[in-house]
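Per our numbering, residue 1 is the first one in the sequence shown, and the count goes up by one each step. By construction, the Cβ of each residue, glycine as well, lies at the ideal position given by its N, Cα and C atoms. Since this is a predicted model, take the numbers as computed values, not measurements.
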Amino acid sequence: MKNIAILGSTGSIGTSALEVIAANPSRFTVSGLAAFRNITLLKDQIECFRPEAAAVIDEETAIALEKSLDTSVRTEVLFGPHGYREVASLAGSQMVLSAMSGAAGLLPTLAAIDSGKDVALANKETIVMAGELVLARAEAAGVRILPVDSEHSALFQCLEGRPREQVLKLILTASGGPFFKKSIDDLASVTPADALKHPNWEMGSKITIDSATMMNKGLEVIEAMRLFSIGADRIDVVIHPQSIVHSMVAFNDGALLAHMGVPDMKIPIAYALSYPGRIPLFLPELDLFGMGSLSFFPPDLDKFRCLALALEAARRGGTAPVVLNASNEIAVEAFLGKRIGFLDIPRIVEDTIQTHKWEEAKTIEQIIEVDHWARDKSKELVNVL
Ligand code: MG
């Protein structure tokens, strides 16, 4: 029996993970749940899974949650950064699924690592911001970081047991998002509603916008570079609109291993939760005859400026990815709030990066400071647009 705490339980990854857990009651139990402020859903999750503790963003939300819970519930309700850290480090759990959205996932994930939990990592921002430090802490604590991002789960599986010197490059696939076929002129007028229509994957709104700008793929290059200790120059991005090949690894003998499957996040989630085993998921089989052809295209870096900026940040390393990520979060939020246009997202990110004085990333405190600086700078830039 594996006891799992879920950070970000009401989000897209969190709810899929709870489906996997609910279908496998002899394998998994839920020790803790953490959410932002969707207490309607969190209440149902608590009453169904009866975790030891649950945490929400602030005291007011915690009080409202506590009031709404069935009197038979014994779950301790916590709140704020302290509450998130408590849920991440519960003595009874062996694994933490880190699935919060954005930079907010960093500190709770570190708390999980420091308290000796294996981490199923969906929160790519943690690795983008502080990859080297986080991985060093995981190694020191003797815990595993298991990727949940579908591409990274695919790469992880293709790379398993292969000596790194045999690896030529990693090939990350991208669906291309909803705007793959649009011209750059069309992009100037797209709305949040247009950008939220992802062709293949059901995801939260932040990551769906990131897919539309292709920033998501850029963040994934940084994530892959760190998780698999490989230079950014050995990671290719290819557009693959069918989202059937989840990523590939090219080896020195010319062999290319690809990981294929239906686009359903339950597959990489279950792989991370049950690692090193596999569990049956009863999903519809991949219909090889029905799926038609698989196609691959190079990404257009002029159209998808966010991807170009992320690749540049990947090459520069240090604090560049921290600034990229923080600035992007602010720009996406502003776009979703209809305060800026779609093409303003890369503008804000680029202008923020240009005003930043690059540093080597040495400590978590420094990274958080740079993150805050970049947010403030980007907010200023949003306001003058
Ligand atoms: Mg992904």
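Exercise. Tell me which same chain residues have a C-beta within less than 8 Å of the C-beta of Leu-294, skipping the five on either side of it?
Worked result: His-240, Gln-242, Ile-244 and Val-245
Exercise. Which parts of the segment 114-174 are runs of the alpha helix (DSSP H), unbroken and 4 residues or longer, counting only runs that do not cross its ends?
Worked result: 124-141 and 150-159
Exercise. Alpha carbon to alpha carbon, what distance is there between Asp-70 and Leu-106?
Worked result: 32 Å
Exercise. For Ser-378, does the three-state DSSP call read helix, strand or coil?
Worked result: helix
Exercise. Ser-247 bridges to which residues according to DSSP?
Worked result: His-259
Exercise. So which residues put a beta carbon under 6 Å from any heavy atom of the ligand MG, going in chain order?
Worked result: Asp-149, Ser-150, Glu-151 and Glu-220
Exercise. Going by the CB atoms, is the gap between Ser-31 and Glu-47 shorter than 9 Å?
Worked result: no
Exercise. Helix, strand or coil for Ser-31 per DSSP?
Worked result: strand
Exercise. Which residues in the same chain as Phe-36 place their Cβ atom closer than 6 Å to its Cβ, once the five residues preceding and following it in sequence are excluded?
Worked result: Ile-57
Exercise. Do Leu-168 and Phe-251 have their C-beta atoms within less than 9 Å of each other?
Worked result: yes
Problem set entry | Assigned secondary structure, Phe-180 (DSSP; H/G/I helix, E/B strand, else coil) | coil
For this session: Give the secondary structure of Ser-16 by DSSP, where H, G and I count as helix, E and B as strand, and everything else as coil.
Result: helix
For this session: Could you give the DSSP three-state label for Ile-239: helix, strand or coil?
Result: strand
Exercise. Just to confirm, are Asn-123 and Leu-7 a CB contact at a threshold of 9 Å?
Worked result: yes
Exercise. By how many angstroms is the C-alpha of Asp-371 removed from the C-alpha of Arg-347?
Worked result: 18 Å
Exercise. On the three-state DSSP scale, how would you describe Ala-5?
Worked result: strand
For this session: State yes or no: is the C-beta of Ser-207 within less than 9 Å of the C-beta of Ser-12?
Result: Checking the sequence, you will find Ile at residue 207 rather than Ser. Yes, these two residues count as a Cβ contact at 9 Å.
Exercise. Applying the criterion that 16 or more other CB atoms from any shown protein chain within 10 Å of the CB defines a buried residue, is Pro-147 buried or exposed?
Worked result: buried
Problem set entry | Residue range of the unbroken alpha helix (DSSP H) whose run includes Val-73 | Where Val-73 is concerned, there is no enclosing alpha helix (DSSP H), given that its DSSP letter is neither H nor E.
For this session: Inspect the beta-carbon positions of Ile-171 and Leu-256 and report whether they are closer than 9 Å.
Result: yes
Exercise. How about Arg-85 and Ala-111: are their beta carbons less than 9 Å apart?
Worked result: yes
Exercise. Going by the beta-carbon positions, is the gap between Met-203 and Met-265 smaller than 9 Å?
Worked result: yes
Exercise. Start and end of the alpha helix (DSSP H) containing Ala-334?
Worked result: 320-336
Problem set entry | Closest Cα partner of Leu-97 within the set Asp-186, Ile-269 and His-82 | Ile-269
Exercise. Which residue's Cα is closest to the Cα of Leu-219: Glu-285, Glu-165, His-152 and Glu-160?
Worked result: His-152
Exercise. For Ile-17, which of Ala-314, Leu-273 and Arg-316 has the nearest alpha-carbon?
Worked result: In the sequence on display, residue 17 carries Ala and not Ile. Closest option to Ala-17, Cα to Cα, is Leu-273.
Problem set entry | Inter-residue CB distance, Ala-104 and Gly-83 (contact presumed, cutoff 8 Å) | With 8 Å as the limit, Ala-104 and Gly-83 do not qualify as a contact, their Cβ atoms being about 12 Å apart.
Problem set entry | Ser-98, enclosing beta strand (DSSP E) - first and last residue | 95-98
Exercise. Where Ala-62 and Gly-290 are concerned, what is the direct C-alpha to C-alpha distance, given to the nearest angstrom?
Worked result: 48 Å
Exercise. Which partner residues does Ala-193 have in the DSSP bridge list?
Worked result: Note: Ala-193 sits in no beta bridge, so no partner.
Exercise. Should Asp-118 and Met-95 be called a contact, given that it needs their Cβ atoms to be closer than 9 Å?
Worked result: yes
For this session: Work out the CA separation of Asn-328 and Thr-319 for me, nearest whole Å.
Result: 14 Å
Exercise. Residues in its own chain within less than 6 Å of Ala-22 by CB, not counting five upstream and five downstream?
Worked result: none
Exercise. In this structure, what does DSSP give as the bridge partners for Val-56?
Worked result: Phe-79
Exercise. Which of helix, strand or coil does DSSP assign to Phe-289?
Worked result: coil
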